[in-house]
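In the working numbering, the protein residues as written are 3 to 142. Ideal Cβ placement from N, Cα and C applies to all residues, glycine included. What follows is a single structure, written as structure tokens, with notes after it.
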């Protein structure tokens with residue numbers, strides 16, 4: 003998992019799998035699966051939420067279909083993660099996942115604004131869009 007978005011998704015899954023009391027309930031409250039772009043991480047998060055008893059990583063890995071998925075998930079759960087405050091980690095990761103598409107839209111709108119201004123046209127509509135996107139980003 004290399005991108006900022008994938009790392010945030012991986013951190014959410016790891017927090018969800020943590021043995022700290024109440025972590026899974028908090029994750030269920032904060033996490034929106036529409037924010038997940040990695041299919042394996044989304045699948046892991048859903049499987050963790052669906053687990054009825056205490057989470058057993060080996061049983062979770064058995065529910066994955068391919069050897070590649072099992073190896074990738076196993077490597078994820080083997081990584082060390084210090085959870086000083088799981089709630090804060092969840093909030094930060096969700097904020098990261100929500101902000102990423104907004105940043106991409108702002109970047110795209112800024113490029114469009116440059117092209118419009120270079121053509122000598124009025125870019126006030128695009129500038130307003132950028133301002134609204136920036137406000138939405140700031141409110142996260």
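Tell me the DSSP secondary structure of residue i in three-state form.
i	result
residue 33	coil
residue 25	helix
residue 136	helix
residue 141	coil
residue 19	coil
residue 39	coil
residue 5	coil
Is residue i buried or exposed, if buried means 16 or more other CB atoms sit within 10 Å of its CB?
i	result
residue 7	buried
residue 42	buried
residue 88	buried
residue 122	exposed
residue 35	exposed
residue 26	buried
In whole angstroms, what is the alpha-carbon distance linking residue i and residue j?
i	j	result
residue 65	residue 108	39 Å
residue 135	residue 61	43 Å
residue 131	residue 141	15 Å
residue 40	residue 110	23 Å
residue 120	residue 106	21 Å
residue 81	residue 9	12 Å
residue 1	residue 17	As displayed, the chain neither begins before 3 nor continues past 142, which places residue 1 out of reach and without an answer.
residue 30	residue 11	14 Å
residue 4	residue 128	32 Å
residue 95	residue 117	34 Å
residue 52	residue 115	46 Å
residue 78	residue 124	49 Å
residue 44	residue 15	8 Å
residue 92	residue 100	12 Å
residue 72	residue 104	32 Å
Could you check whether the Cβ of residue i sits closer than 7 Å to any heavy atom belonging to the ligand NAP?
i	result
residue 8	With respect to the ligand NAP, the structure offers nothing, as it holds no ligand at all.
Inside the stretch 53-137 only - alpha helix (DSSP H) runs reaching at least 4 residues: 59-64, 69-80 and 88-120
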